[in-house]
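Data first, discussion second: the structure below is written as structure tokens.
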Amino acid sequence: MLNLVLSEACNETARIRVMAFKDVAGQKLPEYTPGAHLDFDLGEKGTRSYSLIDWPETDPETYTIAVQREDEGTGGSQAMHNLAVGTVVKVTEPRNDFELSSGAAPVLLLAGGIGVTPLISMATALMQQGRDFQFHYTARSKTLMGFKDQLSDNFEMRLYCDDENPIDLAALMSAQAQGSAMYLCGPKGMIDAARSAATVAGHRDENIHIELFATPEAHSDDTPFEVEIADTGEVFSIPVGKTIIEVLEEAGKDLMYDCQRGDCGICQTDVISGEPDHRDVVLSEADRASGKVMQICVSRAKTSRLVLDL
Ligand code: FES
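If you read the sequence shown in this note's numbering, its first letter stands for residue 137, the second for the next number, and so on.
As structure tokens, this is what we get:
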């Protein structure tokens, strides 16, 4: 873990706070690649992940993030907004589940709301490498759109607001060259719509890279179900409001996971029987339809029991 001190903070919009951190002992910070994030240890509020923002002029001795306050959330973003300059926090070294590929293919960056943050770092890298890219950014309204001036000053941007000039995803995707590498980051609704527009336009799934920017929400018709571990025959009850990972971890199981939003793919688990209720954005339509794998950080069950290869 790194010990970082909040060295500067300012409000970008009424809900977005930009925060800059330095090493508490003045040491050099570990390097990171575009799309990387930090996991902040917020004590009883748990862990929160925030993407690192790298502008062309960013000081390499600083980590910059942006936190959107979610008043309906569980308090993590509010805790981040309340941190005073000078506070020391514990943070993991940068990790990247949303890597920018190398290669000559044209790149499409598509951001929804605060999902713009990892794409800023990608745009900076693409510009410095002289690569061909387009950067499209959509938000519900102009007042909610963070960084619009700084983005327009640094990159050739296309900005869209739902209440003025909504984005036409079908037109956008059909205008992209086949083989383009696409990076989509934003809320689930935008990602689902963009991915299906890309598929309709003939783009292949392996060229579409996704990061979700929202904590998955419970559905009003969620029901409890059971998980059986195939190897041991142990059975666990998964109540409404808890994930498979949360229940199994409380029972002392050691599991691999990272994002807990259904977009990194690390917690993917083989399903031996039962029907998953997929809530992730990482599986392809074919994987989803097969019912043979699931992301146990967000997905639930359509049947009363799932037998998992854990
Ligand atoms: S932990 Fe990232 S998809 Fe489950």
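Using N, Cα and C, we set each Cβ at its ideal position, and we do this for glycine too.
Spatial neighbours of residue i in its chain, beta-carbon cut-off 6 Å, leaving aside the 5 residues before and after
| i | result |
| --- | --- |
| C400 | D233, D394 |
| D358 | V376 |
| P170 | L236, S257, M258, A261 |
| S277 | C297, D299 |
| S420 | D341 |
Reference residue i; option with closest CA among the options
| i | options | result |
| --- | --- | --- |
| A343 | V376, F372, M309 | As written in the sequence, residue 343 is Asn, which differs from the Ala given in the question. Looking at the Cα atoms, M309 is the closest of the given residues. |
| R267 | H345, L244, Q286, I402 | L244 |
| T307 | H272, C403, T149, E300 | Residue 307 is actually Ala in this sequence, not Thr. Of the candidates H272, C403, T149, E300, the one whose C-alpha sits nearest the C-alpha of A307 is H272. |
| K181 | S187, G410, A215 | A215 |
| L246 | L219, S316, K226, D207 | S316 |
| G410 | Q270, R441, S213 | R441 |
| D451 | A241, W191, F372 | This structure cannot settle anything about residue 451, because the visible part of the chain is limited to 137 through 446. |
| W252 | H414, C403, Q264, M326 | A quick correction: the sequence has Val, not Trp, at residue 252. Considering only alpha carbons, the answer is M326. |
Three-state secondary structure assigned by DSSP to residue i
| i | result |
| --- | --- |
| R231 | strand |
| I256 | helix |
| T405 | strand |
| R415 | coil |
| K278 | helix |
| G171 | coil |
| Q286 | helix |
| H345 | strand |
| K428 | coil |
| N139 | strand |
| K158 | strand |
| G251 | helix |
| V363 | strand |
| I189 | coil |
| E226 | Note on identity: in this sequence residue 226 is Lys, with Glu being the wrong assignment. Of the three classes helix, strand and coil, the one that applies to K226 here is strand, per DSSP. |
Beta-carbon contacts of residue i that lie in its chain and below 8 Å, excluding the five residues immediately before and after
| i | result |
| --- | --- |
| I374 | P360, F361, E362, V363, I380, V383, R436, A437 |
| T279 | T149, A150 |
| T223 | V141, L142 |
| A145 | R153, V154, M155, A156, L219, V221 |
Environment of residue i [buried if 16+ CB atoms lie within 10 Å]
| i | result |
| --- | --- |
| A172 | buried |
| Q312 | buried |
| H355 | exposed |
| K324 | buried |
| A93 | There is simply no residue 93 to check, as the chain begins at 137 and stops at 446 in what is shown. |
| M281 | buried |
| P166 | exposed |
Same chain only: Cβ atoms within 7 Å of residue i, ignoring 5 sequence neighbours per side
| i | result |
| --- | --- |
| Y186 | H173, L174, F176, I201, V203 |
| R217 | According to the sequence as given, residue 217 is His; it is not Arg. So the list reads R153, V203, R205, once near-sequence residues are dropped. |
| A334 | M309, M318, I344 |
| A241 | G315, S316, A317 |
| T194 | T200 |
| G427 | V407, E411, P412 |
Within the structure, which residues are defined as neighbours of the ligand FES by a Cβ-heavy atom distance below 6 Å, reported in chain order? Answer in sequence order: Y393, D394, C395, Q396, G398, D399, C400, G401, I402, C403, D416, V418, Q431, C433.
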